[in-house]
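In the working numbering, the protein residues as written are 33 to 964.
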């Protein structure tokens with residue numbers, strides 16, 4: 033059975049039905065003439081060639097081939113059936129074979145041995161000898177095959193034949209594409225399984241096993257094609273800083289198989305041009321044009337016979353290039369500052385970790401604290417911010433003579449404006465910075481423990497030896513009220529150390545005349561794999577909410593009765609537990625009072641609302657449990673029916689019934705402001721590692737069977753959603769390899785979270801940007817905040833990098849800690865970052881790690897950028913360059929990491945002075961744009 037790789041909005045994936053074989057059918061053979069064996073297994077193999085070797089290898093997404101055929105025997109004829117024949121060169125574990133067109137011409141080269149030096153095509157280049165990219169600079173083979181780069185794609189199960197041969201039914205379009213010169217051969221891949229088997233096949237160089245295609249021919253195809261119409265207009269929205277852009281619209285032509293397009297006499301590469309859709313115009317953009325200059329576009333229609341229509345032409349002017357943006361600001365380098373601390377109390381920038389042993393910064397985000405810094409001029413604290421924003425600093429406390437700080441107390445006056453307005457004492461929040469051992473075993477600033485004004489705190493808590501500590505820190509958050517008058521506010525803190533006389537520390541806050549929105553434009557989303565049960569879970573949500581973040585726990589599931597289409601949800605407990613989060617009632621006392629949670633998981637999973645059993649899922653191999661051999665999973669890959677054929681009517685009808693009940697109940701309750709995500713995040717290894725009842729890896733899919741499962745579940749959700757708003761009821765996917773997403777989820781997924789390792793380079797950003805442009809998906813990214821051994825400013829850098837390159841939120845993958853984390857930090861939990869921990873030992877429900885404040889500060893920074901972009905109609909590309917001119921924002925993959933590792937990238941630390949200077953420059957520009 034042959035199936036298309038792309039589904040559009042329905043469950044039953046279309047089958048390309050074969051025409052019945054006539055006893056007198058005319059059959060033609062298309063012989064292979066060249067091929068290439070390419071590898072993406074590692075950096076070395078990506079730059080190797082094997083064009084003249086007598087074997088090719090297929091190995092899941094790691095190794096693949098392209099094969100060129102002589103299609104002339106089929107030219108001009110209707111094709112009723114096409115079959116690809118491949119001969120095995122050894123044992124194999126092939127099941128699904130993926131086939132696509134190749135939307136770039138390639139060079140076979142002369143390399144006769146596997147993994148030879150670059151000669152002709154490599155995974156990196158279509159022709160390494162001339163450094164010819166597969167598509168755009170930095171692109172790879174994956175960018176022009178399997179649906180990417182406007183290639184045509186399909187998949188089918190192989191059929192076993194005699195003498196080592198296997199056959200795969202392929203779509204007639206694969207042959208038509210070769211005839212129409214719309215491809216350079218076909219790409220062939222293995223669907224794969226966890227054995228990562230090396231499946232060797234004979235190549236075009238083989239004397240007795242070369243690949244070939246057999247086609248059943250029908251009548252003669254018509255060769256007359258009408259000329260298309262073409263219109264080209266400026267497209268400023270996709271222009272770049274170095275180029276203008278245009279949008280091209282080609283009218284439909286009956287019988288057109290593809291288009292050939294030239295701009296100013298130069299052929300537009302195939303990977304840029306979509307295929308015609310029956311009755312619809314073809315629309316695409318050109319974003320590399322000489323800006324504001326006249327251009328001409330020429331288009332011809334090409335039929336399946338290779339026949340070409342008369343040309344249509346149009347003249348147009350490309351849009352202007354994007355204007356460069358710069359900020360009027362200077363960054364003071366404080367490395368040479370000589371101002372003395374002036375006593376036992378001084379101020380440090382927020383997020384900077386001050387070592388408890390010596391009072392010095394622990395990382396490269398500040399330099400020295402011996403004098404002036406981003407918030408401290410040596411005498412007073414100077415801050416600025418918008419209404420509705422938190423502005424922060426830290427008080428560093430030491431004892432005279434370098435001794436141990438025995439105790440301390442801090443209090444604040446109101447901060448008053450000349451006009452009489454004030455920032456109240458209640459808006460000055462104090463926290464003791466609690467130390468925990470980081471993963472290197474060193475004591476490090478970690479959790480922020482609420483501190484009452486004037487409360488005397490003993491440094492020795494009776495649980496730890498405090499004799500090593502020579503410095504204590506107090507975190508100070510000042511909330512700027514939403515109704516604060518613009519201007520300067522002055523007040524002071526009074527700080528007593530070890531029973532000494534209080535030290536007065538002046539505090540000045542400049543309030544700008546704009547406000548941050550209560551509803552977040554960019555989400556710091558705290559993922560958790562459990563609902564905290566040590567007290568009221570809402571307390572955890574409230575603390576995240578207060579920090580302009582959203583906690584998203586897996587998962588709140590209502591009780592069910594019945595089965596199949598008769599299943600019914602019992603809403604009582606769900607409404608009690610979840611309702612206040614969805615209405616905003618849980619946050620009535622928050623700084624963002626009454627704003628509901630931005631996002632929440634729906635409870636759908638492989639075994640909910642219907643458990644997977646042999647009655648509901650038509651797989652009758654062994655169902656392994658915890659601790660059993662992973663080869664049972666391989667057996668499932670090799671023998672299980674296609675998921676859409678195997679899940680029974682009871683399973684499907686229960687899913688659709690529960691889905692509709694959710695939509696109806698939420699409408700009845702008025703829950704309209706939270707994005708309720710249908711997310712299938714399973715890994716089939718959880719079946720043998722943890723005893724979970726799941727069969728597919730829909731979280732970070734790798735092998736083709738897993739992509740098909742994710743495709744199926746997303747299609748099931750979108751097909752049943754009906755008229756419900758996709759923005760409120762999205763299908764979500766978590767993808768670590770966007771290069772293999774292509775068109776697999778087109779029309780089926782609404783929100784995609786891309787893994788940290790898939791969102792860390794210009795190549796990644798471009799791939800994801802293409803997917804966003806072509807499919808309309810909402811782009812997010814997941815990963816980790818900085819390790820507890822690293823600067824907290826790395827988290828801000830991660831967030832800025834994500835937003836500047838197109839993401840709308842970041843998701844640290846595991847954020848709940850335990851009481852043990854208060855002493856051992858991240859090492860106390862099984863991966864991830866212990867950002868929220870029980871606060872029982874301090875008399876509060878929950879406490880936050882300093883990194884939650886980093887997420888808040890990054891979010892506020894991005895609100896500045898978003899506001900400026902909206903006011904001045906700026907793109908993220910423009911702002912990316914402007915930001916980078918003042919602040920070095922950089923991320924890179926960690927050595928030896930995998931893209932499936934949520935901790936696979938690290939961001940460079942940011943300087944506190946540079947961050948403050950950039951924030952002020954943006955704030956000044958926002959104020960300057962008000963009223964324009």
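Backbone N, C-alpha and C fix where the C-beta goes; we use that ideal spot for every residue, glycine too.
None of the values given here were measured: they were computed from a predicted structure.
For residue i, which of helix, strand or coil comes out of DSSP?
i	result
residue 502	coil
residue 865	coil
residue 409	coil
residue 932	coil
residue 182	helix
residue 454	strand
residue 806	helix
residue 261	coil
residue 916	helix
residue 638	coil
residue 209	helix
residue 350	coil
residue 777	coil
residue 674	coil
residue 942	coil
residue 316	strand
What residues are listed by DSSP as bridge partners for residue i?
i	result
residue 697	Residue 697 pairs with nothing; no bridge assigned.
residue 528	441
residue 761	DSSP lists no partner for residue 761.
residue 734	None, per the DSSP bridge assignment.
residue 89	232
residue 449	521
residue 70	96
residue 416	542
Measure the CB-CB distance between residue i and residue j and report whether it falls below 8 Å.
i	j	result
residue 447	residue 517	no
residue 887	residue 919	no
residue 277	residue 317	yes
residue 729	residue 716	yes
residue 498	residue 436	yes
residue 357	residue 914	yes
residue 80	residue 148	yes
residue 100	residue 217	yes
residue 938	residue 556	no
residue 610	residue 586	no
residue 651	residue 678	yes
residue 286	residue 322	no
residue 642	residue 676	no
residue 17	residue 107	Outside the displayed span of the chain (33 to 964) sits residue 17, for which this structure offers no information.
residue 293	residue 327	no
Using only the alpha-carbon positions, how far apart do residue i and residue j sit?
i	j	result
residue 248	residue 775	29 Å
residue 139	residue 768	30 Å
residue 933	residue 926	10 Å
residue 662	residue 93	20 Å
residue 750	residue 478	43 Å
residue 637	residue 754	20 Å
residue 370	residue 403	Since pLDDT at residue 370 reaches only 34, below the 50 mark, its modelled position is unreliable, and the value read off the structure follows with that caveat. So the alpha carbons of these two residues sit roughly 6 Å apart.
residue 944	residue 397	6 Å
residue 674	residue 648	14 Å
residue 481	residue 570	18 Å
residue 376	residue 412	14 Å
residue 819	residue 491	26 Å
Counting only C-beta atoms, is residue i closer than 8 Å to chain C at any point?
i	result
residue 648	Among the chains in the structure shown there is no chain C, since it carries only a single protein chain.
*Does the segment 112-123 touch the segment 168-186, meaning 3 or more C-beta pairs lie closer than 8 Å?*
no
*Are the segment 585-596 and the segment 680-690 touching by the rule of at least three beta carbon pairs closer than 8 Å?*
yes
*Examine the Cβ distances between the segment 540-556 and the segment 617-632 and report whether three or more of them are shorter than 8 Å.*
yes
_For the structure I just gave you, are there three or more beta carbon pairs, one from the segment 377-391 and one from the segment 870-888, closer than 8 Å?_
yes
*Does the pairing of the segment 63-72 with the segment 184-193 give three or more beta-carbon distances under 8 Å?*
no
_Could you check whether the segment 840-852 touches the segment 865-883, counting it as contact only if at least three pairs of C-beta atoms, one from each stretch, sit closer than 8 Å?_
yes
*Hey, is the segment 557-568 in contact with the segment 405-417, meaning 3+ C-beta pairs nearer than 8 Å?*
no
_Stretch-stretch touch, CB-based, cutoff 8 Å, three pairs: the segment 455-465 with the segment 849-863_ = no
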